[in-house]
Amino acid sequence: MADTDSNPSFHPPPSITVTETDLSSTLQQSTLNDVVEEKQDATTATATATDTPIAASSASSSTSHKMIIPHNLLSFKEESNKVSDLSDPQKNSLQQLKKLLTADPKYEVSIWGVPLLKDDRTDILLLKFLRARDFKVKDALTMITNTLAWRKDFDIDALVDEDLGDEFDKVVFMHGCDREGHPVCYNVYAEFQNNDLYHKAFSNQERTTKFLRWRIQFLERSIRNHLHFTQDGINTILQVNDFHNSPAPAKRQLRIATKQALQLLQDNYPEFVAKQVFINVPWWYLAFYTMISPFMTHRTKSKFVFTGPSKSPDTLFKYISPEQVPVQYGGLSVDFCDCNPDFSMSDPITEIPLKANTKQTIEIAIYEKCIIVWELRVVGWEVSYSAEFKPDAKDGYTVIIHKATKMSPTDEPVVSNSFKVGELGKLFLTIDNPTLKKKRILYRFKIKPYFD
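Okay, structure coming up:
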């Protein structure tokens with residue numbers, strides 16, 4: 001390719017233009033889901049694409065794309081951890097609890113590496129127990145006492161350093177942070193469809209106890225490694241519970257172990273969850289939840305969000321930026337492998353709504369010799385994708401980087417390409433959505449220098 005960039009002076013960074021082409025001359029009939037979405041205006045919000053640090057974007061259409069926000073998302077706001085923000089009765093409860101703890105030497109201990117007394121982090125720790133008991137001082141003190149006894153019986157301090165193997169690492173794992181900085185914990189129930197793993201975890205009481213110890217160890221380490229226990233810090237975790245291909249309720253031992261684990265967590269780990277997001281939820285779990293929800297407190301229910309398979313990525317993106325969401329859940333994060341060294345969770349993503357029966361073109365103007373690398377995905381695909389470079393020179397030739405290809409859900413979830421630019425021009429990424437479903441484009445790119 002001819003090198004037309006002979007000017008050694010500084011060139012501006014690439015710029016982006018997004019153009020949209022309606023492929024239909026008549027209004028297409030909406031799907032049932034779209035009709036439902038349009039009727040729920042009270043729980044919708046406008047989503048706009050954000051610019052990457054090295055590009056400015058613009059859209060040719062002034063219409064906005066609306067996404068359903070599950071009603072639960074709007075009902076809970078995490079409380080402030082600043083003592084100055086507490087009400088006077090709450091401040092009094094905190095002081096009374098500290099006074100009771102100070103009066104008894106048995107409370108001169110630490111939980112999760114935080115001393116119960118006389119430490120900058122103590123107030124945050126005690127507020128967890130107080131909130132779990134509606135700021136009733138005696139009830140909070142009883143909970144602390146019982147937690148200390150349980151931790152001693154369970155030998156938690158030794159458990160943290162114990163080697164329990166890695167066979168359950170895919171069942172529960174930490175990955176990235178949400179939009180507010182909370183670390184995100186993923187619980188993947190489908191792993192227990194593996195009969196060998198299920199047998200290792202639940203075939204007898206000894207193995208079930210080992211699994212429970214592993215789960216508690218995982219939580220202990222997560223708390224100590226990721227939470228701050230400071231007034232301005234991060235003090236809770238966002239939980240994502242994936243029910244895709246999860247074992248049905250007939251798995252008795254799993255059901256019993258889950259109940260035991262939940263009871264242990266409820267009794268001894270108060271107020272560590274910012275939100276519980278349930279994705280790929282089957283009908284039977286929603287039916288079960290409907291039955292038990294009247295027995296839950298409003299505070300507990302306000303932290304729950306449920307969504308089926310079709311809306312799971314959108315729901316996750318309301319809480320977690322796509323660059324922080326693992327690929328298997330609709331995002332672009334692949335930090336758990338070495339498959340794409342050019343990008344990490346720290347590299348932001350641009351989101352563009354893709355209307356039904358519409359073609360979208362992303363135009364990136366390049367002003368200097370470079371190597372441009374990019375990633376792009378459309379959740380669920382069912383679209384065509386192409387990439388080409390057009391030089392600005394009149395005698396230049398268009399280079400087909402990726403010919404128009406129909407992408408199906410079974411294809412690789414993320415397209416990764418690179419191109420060596422030797423002359424000024426534009427990169428065009430085109431996505432053609434022939435379906436009646438609205439889609440979402442996620443992409444990011446980087447410019448790397450190269451020299452002849």
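In full-length UniProt numbering, the protein residues as written are 1 to 452.
Every residue, glycine too, gets a C-beta built ideally from N, C-alpha and C.
Being a predicted model, the structure only gives us computed values, none of them experimental.
From residue 496 to Ser-93, what distance separates their C-alpha atoms?
There is simply no residue 496 to check, as the chain begins at 1 and stops at 452 in what is shown.
Distance between Lys-446 and Val-379 (C-alpha atoms, nearest Å)
Rounded to the nearest whole angstrom, the CA to CA distance from Val-379 to Lys-446 is 21 Å.
Which residue marks the beginning of the beta strand (DSSP E) containing Ile-362, and which one marks its end?
Taken as a continuous stretch (DSSP letters only), the beta strand (DSSP E) holding Ile-362 covers 358-366.
Distance between Asp-196 and Glu-206 (C-alpha atoms, nearest Å):
Their backbone Cα atoms lie some 16 Å apart in a straight line.
When the Cα atoms are used, what is the spatial distance from residue 479 to Leu-127?
Summary: the structure shown does not reach residue 479, with the chain confined to residues 1 through 452, and so no result is reported for it.
From what residue to what residue does the beta strand (DSSP E) around Asn-195 run?
Secondary structure note for Asn-195: it is in no beta strand (DSSP E), and the uninterrupted alpha helix (DSSP H) holding it is 195-202.
Reduced DSSP secondary structure (H/G/I, E/B, other) of Phe-243
In this structure, Phe-243 counts as coil in the three-state DSSP scheme.
Is residue 540 helix, strand or coil by DSSP?
With the chain covering 1 to 452 only, the question about residue 540 has no answer from this structure.
Where DSSP assigns a beta bridge to Met-407, which residues make up the other side?
In the DSSP assignment, Met-407 forms a beta bridge with Val-383.
Using 10 angstroms around the beta-carbon of Trp-374, count the other beta-carbons present and answer buried if the total reaches 16, otherwise exposed.
Burial check for Trp-374: the Cβ neighbour count within 10 Å reaches 16 or more, so the residue is buried.
Alpha-carbon to alpha-carbon, Gln-260 and Asp-120:
Rounded to the nearest whole angstrom, the C-alpha separation of Asp-120 and Gln-260 is 33 Å.
From the DSSP output, which residues share a beta bridge with Tyr-443?
Answer is Thr-350, Leu-376.
Helix, strand or coil: which one does DSSP assign to Thr-430?
In the three-state reduction of the DSSP assignment, Thr-430 falls in the strand class.
Along the chain, where does the alpha helix (DSSP H) that runs through Pro-89 open and close?
First-last of the alpha helix (DSSP H) with Pro-89: 88-102.
Who does Ala-276 pair with in a DSSP beta bridge?
Note that residue 276 corresponds to Gln in the displayed sequence, not to Ala. According to DSSP, Gln-276 bridges with Gln-239, Phe-304.
Please go through the same chain and pick out, in chain order, the residues whose beta-carbon is closer than 6 Å to the beta-carbon of Asp-392, but skip the five residues on each side of it.
So the qualifying residues of the chain are Leu-424, Gly-425.
Would Trp-284 and Ala-257 qualify as a contact pair, given that the criterion is a beta-carbon distance under 8 Å?
A distance of 8 Å or more separates the beta carbons of Trp-284 and Ala-257.
Distance between beta carbons of Asn-433 and Leu-354, contact taken as under 8 Å
The pair is a contact, with the Cβ atoms about 5 Å apart (cut-off 8 Å).
Here's a check: name, in chain order, each residue in its chain whose Cβ is nearer than 8 Å to the Cβ of Ile-372, leaving out the five neighbours to either side.
If you ignore the 5 residues before and after Ile-372, its C-beta comes within less than 8 Å of the C-beta of Pro-14, Ile-364, Ile-366, Ser-418, Phe-419, Val-421, Leu-427, Phe-445, Lys-446, Ile-447, Lys-448, all in its own chain and listed in chain order.
Tyr-450 (DSSP reduced to helix, strand or coil):
Of the three classes helix, strand and coil, the one that applies to Tyr-450 here is coil, per DSSP.
So the beta strand (DSSP E) Lys-420 belongs to, where does it begin and stop?
It spans 415-421 - the beta strand (DSSP E) in which Lys-420 sits, taken as one unbroken run.
Got a sec? Which residues, its chain only, sit under 6 Å from Phe-168 by beta carbon, not counting five neighbours each side?
Excluding residues within five positions, the ones whose Cβ falls inside 6 Å are Trp-214.
Please report the distance separating the alpha-carbon of His-228 from that of Ile-234.
One C-alpha to the other measures close to 6 Å.
Rounded to whole angstroms, how far is the Cβ of Asp-267 from the Cβ of Asn-146, which I believe are closer than 8 Å?
Between Asp-267 and Asn-146 the beta-carbon gap is near 7 Å, inside 8 Å, which marks them as a contact.
Quick check on this structure: which residue in His-298, Asn-204, Asp-347 has the alpha carbon closest to the alpha carbon of Ser-321?
With distances taken between Cα atoms, Ser-321 lies closest to Asp-347.
Under three-state DSSP, which class holds Ser-310?
Annotated three-state conformation of Ser-310 is helix, per DSSP.
Name the one or two DSSP bridge partners that His-402 has.
As a beta-bridge residue in DSSP terms, His-402 pairs with Ala-387.
Tyr-450 classed as buried or exposed, judged by whether at least 16 other C-beta atoms fall within 10 angstroms:
By the 10 Å Cβ count, Tyr-450 comes out exposed.
What is the C-beta distance between Lys-170 and Val-188, in whole angstroms, given that I count them as a contact (C-beta under 8 Å)?
Right, their Cβ atoms sit about 6 Å apart.
Just mark Trp-150 as buried or exposed, buried being the case when its beta carbon has 16 or more other beta carbons within 10 Å.
Per the 10 Å Cβ criterion, exposed.
Neighbourhood of Gly-396 by C-beta distance below 6 Å, restricted to the same chain and skipping five residues each side:
Counting only residues of its own chain and dropping the five nearest sequence neighbours on each side, Gly-396 has no CB closer than 6 Å to any other CB.
Around the Cβ of Pro-309, are there at least 16 other Cβ atoms within 10 angstroms (buried) or fewer (exposed)?
Exposed, by the Cβ-count rule.
Lys-301 and Val-273 look like a contact to me (Cβ under 8 Å); what is the Cβ gap, rounded to whole Å?
The C-beta distance from Lys-301 to Val-273 rounds to 13 Å, too long to meet the 8 Å contact threshold.
Could you please give the first and the last residue of the uninterrupted alpha helix (DSSP H) stretch that includes His-226?
Element bounds for His-226: 205-226.
Phe-288, buried or exposed, once every other Cβ within 10 Å from all chains shown has been counted against 16
Flag for Phe-288 reads exposed.
Length of the line joining the Cα atoms of Arg-255 and Lys-98
Near 38 Å, if we compare the C-alpha coordinates of Lys-98 and Arg-255.
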